[in-house]
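Engineer:
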Ligand SMILES: Nc1ncnc2c1ncn2[C@@H]1O[C@H](COP(=O)(O)OP(=O)(O)O)[C@@H](O)[C@H]1O
Ligand SMILES: [Mg+2]
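Numbering (our numbering), first residue to last: 630 to 956.
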């Protein structure tokens, strides 16, 4: 048995396409304990979804390839686990809310049938009537009228499909929930309700969770730990209270904080981080953020920084080299 519920060590994932090799995840390390909620933030293309899909062995076959590293879930070596073991984990212990809700929905079954299937798998001793009640209840909780349970996925809007995907993940009462931008497609009021619901269920069942989001406000409210992903690696991590004091941050994280609209000041201002996400088919030799970094030096372009730690707070940037010891 491992110490942690989930441990990802030195993970490298690439996509082998006809045109190029996409280096999507490049030395990812993270741990998660039972009941812990980790926020994962970073721009589109940073490698967040790839990391989540790797945990469930759901990378696209042939194209997606894990080239290095390990993932251990409660003592199980995920990368070498047999298909049957993975089906057991996916079915019963780890649930995922997909960024694209159609990834979790079956177009040829009604949504009621699909939630039923989840219940049959997870709670085989539950009676038919109890299951019916659970289906109605969970649909109600995500704001879908229960009489619509006999409809098919295509009869719902994108936002509704997302909520149905969320219902399916939550009704399973998983030990680990991988929530990949679960509310990005929803409008603001329903977003807040769904997040509140996820929080309640997370606390009730002591669910461990990786919450992938663009929204630092959501991380502050929802998570204990946070990691910031850039170019397929974690460039900053720590307890939310340490990272969010904003005393010390990676220049990229600083940029993320500054790009939050400021509602308190006299003028609402959005400060975007200049430039574009590093090209994952052509990663630089040095720090992957150097090209966009206002503090970059020649050394940053030539050499990769290590993680400089201060308590739980780690920053992969030479600026903090002398803060405390290197991890
Ligand atoms: N099936 C795929 N084939 C080729 N490249 C892919 C595929 N899926 C993702 N990628 C690429 O991998 C990189 C990381 O993507 P992803 O993990 O989806 O990032 P994020 O979830 O942080 O936006 C991106 O450059 C993306 O274009
Ligand atoms: Mg994604």
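The C-beta atom is built at its ideal place from N, Cα and C for all residues, glycine as well.
Should residue 648 go down as buried or exposed, given a rule of 16 or more other Cβ atoms within 10 Å for buried?
Structural biologist: Here residue 648 is taken as the residue at index 19 of the chain shown, counted from 1. The residue is exposed, with fewer than 16 neighbouring Cβ atoms inside 10 Å.
Engineer: By DSSP's criteria, residue 642 is part of a beta bridge. Which residues make up the other side?
Structural biologist: Residue numbering aside, residue 642 sits at position 13 when the chain shown is read from its first letter. Residue 642 is bridged to 654 and 695.
Engineer: Taking the alpha-carbon positions, what's the residue 812 to residue 820 distance?
Structural biologist: The count along the chain shown starts at 1 and reaches residue 812 at position 183. The count along the chain shown starts at 1 and reaches residue 820 at position 191. Their backbone Cα atoms lie some 6 Å apart in a straight line.
Engineer: Runs of 4 residues minimum, wholly inside the segment 700-742: which ones carry the alpha helix (DSSP H) assignment?
Structural biologist: Complete alpha helix (DSSP H) runs here, min 4: 712-717.
Engineer: Classify residue 865 as buried or exposed, calling it buried when 16 or more other Cβ atoms lie within 10 Å of its own Cβ.
Structural biologist: What you label residue 865 is simply residue 236 of the chain shown in a count that begins at 1. The residue in question, residue 865, is buried, as its Cβ has 16 or more Cβ neighbours within 10 Å.
Engineer: Could you give the DSSP three-state label for residue 938: helix, strand or coil?
Structural biologist: Stepping through the chain shown from its first residue, residue 938 is reached at position 309. Three-state result, residue 938: strand.
Engineer: Under a three-way DSSP split, which group does residue 809 fall into?
Structural biologist: On the chain shown, position 180 is the one that residue 809 refers to. Residue state, collapsed to three classes: strand.
Engineer: Tell me the DSSP secondary structure of residue 649 in three-state form.
Structural biologist: Stepping through the chain shown from its first residue, residue 649 is reached at position 20. Looking at residue 649 - three-state DSSP - the assignment turns out to be coil, as it is neither helix nor strand.
Engineer: What residues in its chain sit with their C-beta under 7 Å from that of residue 941, if we drop five residues either side in the sequence?
Structural biologist: Position 312 of the chain shown, counting from 1, holds the residue named residue 941. Closer than 7 Å at the Cβ level, and outside the excluded window around residue 941, lie 867, 868 and 871.
Engineer: Any idea what DSSP makes of residue 859, helix, strand or coil?
Structural biologist: Residue mapping note: residue 859 aligns to position 230 of the chain shown, counting from 1. If DSSP states are grouped into helix, strand and coil, residue 859 belongs with the strands.
Engineer: Leaving aside the five residues before and after residue 805 along the sequence, list all residues of the same chain whose C-beta is less than 6 Å from its C-beta, in chain order.
Structural biologist: On the chain shown, residue 805 is found 176 positions in, with the first residue counted as 1. Answer for residue 805: 723 and 837, listed in chain order.
Engineer: Is it right to say residue 652 is buried, meaning 16 or more other beta carbons lie within 10 angstroms of its own, or is it exposed?
Structural biologist: In the chain shown, the residue the question calls residue 652 occupies position 23. Its Cβ being crowded by 16 or more others within 10 Å, residue 652 is buried.
Engineer: Just checking, does the segment 788-805 make contact with the segment 724-731 on the three C-beta pairs under 8 Å criterion?
Structural biologist: yes
Engineer: Could I get the ranges of all uninterrupted beta strand (DSSP E) runs contained in the segment 822-852, with 3 residues as the minimum, in chain order?
Structural biologist: List check, beta strand (DSSP E) in window: 837-841.
Engineer: Comparing C-alpha positions only, which one of 930, 664 and 815 sits nearest to residue 829?
Structural biologist: Position 200 of the chain shown, counting from 1, holds the residue named residue 829. Measuring from the Cα of residue 829, the nearest candidate turns out to be 664.
Engineer: Would you tell me roughly how many angstroms separate the C-alpha atoms of residue 752 and residue 709, rounded to the nearest one?
Structural biologist: Counting from 1 along the chain shown, the entry for residue 752 is found at position 123. Counting from 1 along the chain shown, the entry for residue 709 is found at position 80. Pairing residue 752 with residue 709, the inter-Cα distance amounts to about 28 Å.
Engineer: Do residue 705 and residue 714 come within 8 Å of each other at the CB atom, strictly closer than that value?
Structural biologist: Residue numbering aside, residue 714 sits at position 85 when the chain shown is read from its first letter. Residue numbering aside, residue 705 sits at position 76 when the chain shown is read from its first letter. In contact: residue 714 and residue 705 (Cβ atoms closer than 8 Å).
Engineer: Count the C-beta pairs between the segment 669-683 and the segment 630-643 that are closer than 8 Å, then say yes if the count reaches three, no if not.
Structural biologist: yes
Engineer: Closest to residue 685 by C-alpha separation, out of 637, 673, 650 and 671, would be which residue?
Structural biologist: Counting from one through the chain shown, the residue named residue 685 turns up at place 56. Closest option to residue 685, Cα to Cα, is 637.
Engineer: What are the boundary residues of the beta strand (DSSP E) that includes residue 755?
Structural biologist: Mapped onto the chain shown, residue 755 falls at position 126. Run containing residue 755: none; DSSP gives neither H nor E here.
Engineer: Using only the heavy atoms of ligand 1, determine whether one of them is closer than 7 Å to the beta carbon of residue 677.
Structural biologist: The count along the chain shown starts at 1 and reaches residue 677 at position 48. Answer for residue 677: yes, Cβ within range of ligand 1.
Engineer: Please state whether DSSP places residue 768 in a helix, a strand or coil.
Structural biologist: If you number the chain shown from 1, residue 768 lands on position 139. Residue 768: helix per DSSP, three-state reduction.
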